[in-house]
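Residue numbers (this note's numbering): 90 to 275. Written below as structure tokens is the structure these notes are about.
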């Protein structure tokens with residue numbers, strides 16, 4: 090015969106039916122979960138396994154950054170060279186403009202176009218010394234870039250020595266500039 094058993098409600102239970110749980114019993118399931126090794130908390134062996142791929146990715150990205158840094162720096166220095174050339178050419182600093190033109194960061198056509206520009210270019214730099222210092226920085230960058238491309242190891246700074254050792258001596262010539270990044274002189 091089929092008996093229907095009444096279902097007890099959680100709210101109808103008498104709390105005095107069982108002994109109260111101890112603090113350990115209340116967190117026992119969490120403790121067993123932590124001991125499995127699949128928890129959020131790390132064991133000493135797990136940190137090295139997760140750290141190795143991150144270090145590998147950072148090293149690879151560092152090599153890529155060292156390889157392609159010149160086109161970005163070249164574009165930045167060319168932009169600064171345009172401003173420095175305009176400032177120095179219009180405020181009678183022939184030695185600095187000649188040194189800047191000798192680096193060939195600006196082509197002959199660009200130099201001719203810049204020579205024909207007239208205007209007030211004094212907003213580019215606070216003083217002639219600041220423009221000359223910027224021109225000297227550009228000349229130094231271009232000298233370092235040419236020394237790197239010609240594999241003149243003794244004349245390089247420490248970063249370019251590393252790049253020369255990694256890329257140039259291994260047969261991977263680093264790119265110098267990308268036309269899509271370079272500013273255009275009209």
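Ideal Cβ positions, reconstructed from N, Cα and C, are used throughout, including at glycine.
Taking every protein chain shown into account, the CB of residue 152 has fewer than 16 other CB atoms within 10 angstroms, so this residue is exposed. In the structure shown, the three-state DSSP call for residue 228 is helix. Between residue 170 and residue 195, the beta carbon gap of about 6 Å places them in contact (Cβ cut-off 8 Å).
Taking residue 188 as the centre and dropping the five residues before and after it, the same chain places the C-beta of 228 closer than 6 Å to its C-beta, in chain order. In the structure shown, residue 138 adopts helical secondary structure according to DSSP, grouped into three states.
Secondary structure of residue 110 (DSSP, three-state): coil. By alpha-carbon distance to residue 248, the top candidate from 260, 230 and 261 is 230. In terms of Cα proximity to residue 222, the closest of 119, 115 and 177 is 177.
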